[in-house]
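Each remark here refers to the structure printed beneath this line.
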Amino acid sequence: MLTNKTVLVGVSGGIAAYKAVEVVSRLVRLGAEVHVLMTAAAARLVAPLTFQALSGHPVQIDLLAEQKHGHVDHVYLARRADLLIVAPCTANTLAGLAAGSAGDPVAVAALGVSAPVLVCPAMEEHMWAHPLTQANARRLREIGYHLLDPRDGRLASGLHGQGRLPEPEDIVAAAVQLLAPARRDLTGRRVLVTAGATREPLDPVRFISNRSTGKMGFAVAAAAAARGAEVVLVAGSGNLAAPPGVELVRVETALEMYTAVMTRADWCDIVVGAAAVSDYRPAVYHEHKVKKQDGNLTVEFVRNPDILRELGQKKRPGCLLVGFAAETTDVVDYARRKLQEKNLDLIVANNVSEEDAGFATDTNRVVLIGRTGKPDALPLLSKEAVAAAIWDRVVSLL
Ligand code: PMT
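Everything in the sequence shown is counted per this note's numbering, starting at 56 for the first residue and increasing by one.
Here it is in structure tokens:
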């Protein structure tokens, strides 16, 4: 599957370095030529000989060591690379990459490659959550690096939290996707995607909203742009950066999202509604903060427009409408009903009560339901892989 592909695996000095062994082994089994680069700290955690034996190539640890490829090794490797994976990427290496430092073979490789870079951070939760680390991660995304966010679970300290390196199979799946020959099957298509949560203000300091982060919709938009489409992404609250090649339109409320979508309805030929749009908003917006009073407070809500339903009512021939259905029970039945009621061509049903699917996760487990044929239940996948599957299905409908 990866024959003729050269993958550089940069290993930095976190406890999860042992998982990079499995990553290298899997890549080699898929036929890739793999070269491993290690920071000095990583080389103290896992013996370089292990990587050398698995990859069949010398491991680069010291930039000033004897050059084993008969060239300046880091230039030679960077020029051959089809992909650089940094796994695990410690907070220190992440900061180095974001700053453009060149202090070790991993950082130097990142500066040298023109191939995609897949960064897999792993660290203690407080380090990952730190604003500086988050700013570094954002910076890398902005320059086009692909980040697999750390997973929740038990950390090296024994504490639980978000910081675990994703499992080797997930890292390799993401790598395979990045190495797949670029499909340009959406070239010439105009795609509008909605993502994230809307916020419905009650007064200047309070709003009602939901737990959508925008990850699913951003992945859908990124995949469409990578496949050649012109993409506008209308996104609610959240701080995800615009994917490369995507025009990002930020909105806050459902009414703003409605206007942003409707003014572009004649422009686009495919719409994907991944946003969690609030069905209701407070009937009255108070100009000043609502004061606490004795007794209960009753707030009246009024309906927001249903954006997808309205697009479905005025669908032009040749246009495709894709919706999501966030359900907690009878997922397929409810989703099918929404497909009919909103006049959609495809609906992506996700059970949002599952821990590893739906809101605020990096993974999703969805069922693709078209107007004809059987529902297609996909396994647990990264949101990027779900996005790719959605576009495969949409392309088959075009
Ligand atoms: O953003 P993440 O954290 O990654 O989470 C992803 C997600 C769970 C939000 C996403 O996968 C998802 O399921 N999005 C749809 C959520 C939702 O609002 O579903 P719904 O069943 O209420 O709505 C059905 C469809 O109608 C959706 O496509 C929705 O965008 C659309 N809709 C709903 C209400 C409304 N007023 N206008 C709409 O267009």
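Quick reminder that beta carbons are idealized off the backbone N, C-alpha and C, glycines included. Please read all numbers here as calculations on a predicted model, not as lab measurements.
Problem set entry | Local Cβ density within 10 Å of P221, reported as buried at 16 or more and exposed below that | Within the sequence shown, numbered from 1, the residue matching residue 221 stands at position 166. So P221 ends up on the buried side.
Exercise. Where in the stretch 251-325 do unbroken runs of the beta strand (DSSP E), each at least 3 residues long, occur, reported from the N-terminal end onward?
Worked result: The qualifying runs are 255-258, 261-263, 285-290 and 301-305.
Exercise. Who are the near neighbours of A164 in its chain, counting only those whose CB is closer than 7 Å to its CB and skipping five residues on each side?
Worked result: For the purposes of this step, residue 164 is taken as residue 109 along the sequence shown, with counting starting at 1. Taken in chain order, the residues that qualify are L63, G65, L92, H129, L132, A133 and L139.
Exercise. At a cut of 8 Å, does the stretch 148-165 reach the stretch 103-111 through at least three beta carbon pairs?
Worked result: Fewer than three pairs of CB atoms, one per stretch, sit closer than 8 Å, so the stretch 148-165 makes no contact with the stretch 103-111.
Problem set entry | First and last residue of the uninterrupted alpha helix (DSSP H) at K358 | Start at 1 with the first residue of the sequence shown, and residue 358 comes out as number 303. For the record, residue 358 in the displayed sequence is Arg; it is not Lys. Element bounds for R358: not the alpha helix (DSSP H) but the beta strand (DSSP E), F356 to R358.
Problem set entry | Limits of the unbroken alpha helix (DSSP H) element including N191 | Locating residue 191 in the sequence shown gives position 136, where the first residue counts as 1. Residue range P186 to E197 is occupied by the alpha helix (DSSP H) that includes N191.
Exercise. Start and end of the alpha helix (DSSP H) containing E439?
Worked result: One-based indexing of the sequence shown puts residue 439 at position 384. Annotation for E439: the continuous alpha helix (DSSP H) segment containing it runs K438 to L452.
Exercise. To which residues does DSSP link L138 through a beta bridge?
Worked result: As a first step, residue 138 must be located in the sequence shown, where it is residue number 83. V62.
Exercise. What do you get for R266, buried or exposed, if any count of 16 or more other CB atoms within 10 angstroms of its CB means buried?
Worked result: Counting from one through the sequence shown, the residue named residue 266 turns up at place 211. By the Cβ neighbour-count rule, R266 is exposed, with fewer than 16 other Cβ atoms within 10 Å of its own.
For this session: Going by CA-CA distance only, name the one from D207, V407, I226 and L57 that's closest to P143.
Result: Working through the sequence shown from its first residue, we reach residue 143 at position 88. Of D207, V407, I226 and L57, the smallest CA-CA separation from P143 is found for I226.
Exercise. Are Y335 and N351 touching if we call contact CB-CB under 8 Å?
Worked result: Reading the sequence shown from its first residue, position 280 is the one you call residue 335. Reading the sequence shown from its first residue, position 296 is the one you call residue 351. With respect to the 8 Å criterion, Y335 and N351 are not classified as neighbours on the basis of their beta carbons.
Exercise. If you follow the alpha helix (DSSP H) that V231 is part of, which residue opens it and which one closes it?
Worked result: Within the sequence shown, residue 231 is the residue found at index 176, counting from 1. From DSSP, the alpha helix (DSSP H) with V231 extends over P223 to L234.
Problem set entry | C-beta atoms of R219 and P205 nearer than 8 Å | Here residue 219 refers to the residue found at position 164 of the sequence shown. Here residue 205 refers to the residue found at position 150 of the sequence shown. A contact, by the Cβ cut-off of 8 Å.
Exercise. Can you give the Cα-Cα distance for I263 and L202, rounded to whole angstroms?
Worked result: In the sequence shown, counting from the first residue as 1, residue 263 sits at position 208. In the sequence shown, counting from the first residue as 1, residue 202 sits at position 147. Rounded to whole angstroms, I263 to L202 spans 30 Å at the Cα level.
Exercise. Any heavy atom of the ligand PMT closer than 7 Å to the CB of F262?
Worked result: Locating residue 262 in the sequence shown gives position 207, counting from the first residue. Not under cutoff, so the answer is no.
For this session: May I have the straight-line CA-CA distance separating V403 from S156, to the nearest angstrom?
Result: On the sequence shown, position 348 is the one that residue 403 refers to. On the sequence shown, position 101 is the one that residue 156 refers to. Whole-angstrom Cα-Cα distance: 42 Å.
Exercise. Beta carbon of M271, beta carbon of K74: below 8 Å?
Worked result: Sequence index remark: in the sequence shown, residue 271 carries index 216 (1-based). Sequence index remark: in the sequence shown, residue 74 carries index 19 (1-based). Judged by their CB atoms, M271 and K74 are not nearer to each other than the 8 Å cut-off.
For this session: Classify M93 as helix, strand or coil using the three-state DSSP reduction.
Result: Taking the sequence shown and counting its residues from 1, one reaches residue 93 at position 38. Three-state result, M93: strand.
Exercise. What first and last residue would you give for the alpha helix (DSSP H) that runs through A162?
Worked result: Residue 162 sits at position 107 when you count from the first residue of the sequence shown. In the DSSP assignment, A162 falls within the unbroken alpha helix (DSSP H) covering P160 to G167.
Exercise. Among the residues of its own chain, which have a CB less than 7 Å from the CB of L166, if the five just before and after it don't count?
Worked result: Position 111 of the sequence shown, counted from the first residue, corresponds to residue 166. Here L166 has G155 and A157 as same chain residues with Cβ atoms under 7 Å from its own Cβ, once five neighbours each way along the sequence are excluded.
For this session: Return the residue from the list G425, V172, P298 and V407 that minimises the CA-CA distance to L288.
Result: Translated into positions along the sequence shown, residue 288 becomes position 233. Nearest option by C-alpha distance: P298.
Exercise. Going by alpha carbons, who is nearest to V449 out of L436, A278, T416 and D321?
Worked result: Position 394 of the sequence shown holds residue 449. The option with the nearest alpha carbon to V449 is A278.
Exercise. Between I70 and A98, is the Cβ-Cβ spacing less than 8 Å?
Worked result: If you number the sequence shown from 1, residue 70 lands on position 15. If you number the sequence shown from 1, residue 98 lands on position 43. For I70 and A98, no; Cβs fall outside 8 Å.
Exercise. Among all the DSSP beta bridges, which residues are the ones paired with I424?
Worked result: In the sequence shown, counting from the first residue as 1, residue 424 sits at position 369. Answer by DSSP bridge pairing, in chain order: I402.
Problem set entry | Residue nearest to A120 in terms of C-alpha spacing, selected from A136, P160 and E88 | To locate residue 120, count along the sequence shown from 1; it is residue 65. If we check each option's Cα against that of A120, P160 comes out closest.
For this session: Give me the Cβ distance between A412 and V422, rounded to the nearest whole Å; I'm assuming they're in contact under 8 Å.
Result: Numbered from 1 along the sequence shown, position 357 holds the residue referred to as residue 412. Numbered from 1 along the sequence shown, position 367 holds the residue referred to as residue 422. Contact between A412 and V422 fails: their C-beta atoms lie close to 11 Å from each other, not under 8 Å.
Exercise. So G68 and T145 are in contact, right, with Cβ under 8 Å, and what is the actual spacing, rounded?
Worked result: Along the sequence shown, one-based indexing puts residue 68 at 13. Along the sequence shown, one-based indexing puts residue 145 at 90. Here G68 really is in contact with T145; their C-beta atoms are around 6 Å apart, less than 8 Å.
Problem set entry | Short Cβ contact (8 Å threshold) for F379 with G425 | Taking the sequence shown and counting its residues from 1, one reaches residue 379 at position 324. Taking the sequence shown and counting its residues from 1, one reaches residue 425 at position 370. No, the Cβ-Cβ distance between F379 and G425 is not below 8 Å.
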